Structures are given as structure tokens and as C-alpha cells.
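FYI, the numbering for the sequence shown is 4 to 129, going by the working numbering. Cβ atoms here follow ideal geometry from the backbone N, Cα and C, with glycine treated the same way. Everything numeric in this text was worked out from a predicted model, so none of it was measured.
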Amino acid sequence: MKKLAVYILVFLISLNNCFFVQLFKLPVLFQHFEEHQNDNGNLGFVDFLAMHYWGDDINDSDDDRDMQLPFKKVDHHVPHLVFIPNRITYTTTINRIPDTSRLKITYNNHLHPNPHLGALFRPPIV
């Protein structure tokens, strides 16, 4: 039962898509082709498509019927939803930084040599 409900929902959602709505207009395309066949018997289907979609349509005063053909105009049937998220609040605790102004830092580096040993003027070695 759940599978059937999912299939129905997918079908209904896909109907809102512009492409599928245009496919429902295909019978109008064939009916209009038959109307042109009655007026002009030597008109082929590819010539009919070229006349209505890729070229200049002849002036036969059926522009309203031409606009009913599939993919002639864009219909917007998809609703646009606006999503406004809820306000999210965060609470955090801030730890206090200890006062380091009274700390005495002693630094004794044993890696640097004595600067007096590299000086030019050294006391004489006895």
C-alpha cells in the first residue's frame, strides 16, 4: 500500500513539471496537423513541424490554435515555496582567561653560545 502511495505521489509531482504537461498536448499537435492536411494535402509531417516550430508560419489566421501546440509557450505550473527557517539560539559559557600580568617568566636558553667568545677583541688567553 505504501508503494502505491509513493507511485501516486511521484506521478502527481511529475505532472507539475513543465515537460510532462506539454506531452499531454500531443493530441492537439496531431489534430492541427490533420487540419493542415485538409487545407493542403501535400504537406508532410516534417514540413508541418518546420513551419510551426523552426520557420515562418504561413498567415492562415490560426495563431491562437498554433499557440495551443506543445512546446510553443512556457506554462509555469510549479508552485514556488518560500522556506523560512526557525531562529536557532545557542548558549555557550565563556571561560575567563587568568590574569598573567603578575607572572614572572624566566627564560634561560642554553642553545645560544656566549656572545663574548665570538667577539673580535678578546682578552688574552693565559
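Would residue i and residue j be called neighbours here (beta carbons separated by less than 8 angstroms)?
i	j	result
F51	F36	yes
K75	D67	no
Should residue i go down as buried or exposed, given a rule of 16 or more other Cβ atoms within 10 Å for buried?
i	result
L15	exposed
L72	buried
L32	buried
Which residue's Cα is closest to the Cα of residue i: the options?
i	options	result
S64	L12, P101, V24, H39	H39
D42	I61, L106, L123	I61
How is the alpha helix (DSSP H) around residue i delimited, first residue to last?
i	result
F51	48-52
L106	From DSSP, L106 is part of no alpha helix (DSSP H); its letter is neither H nor E.
Q40	29-42
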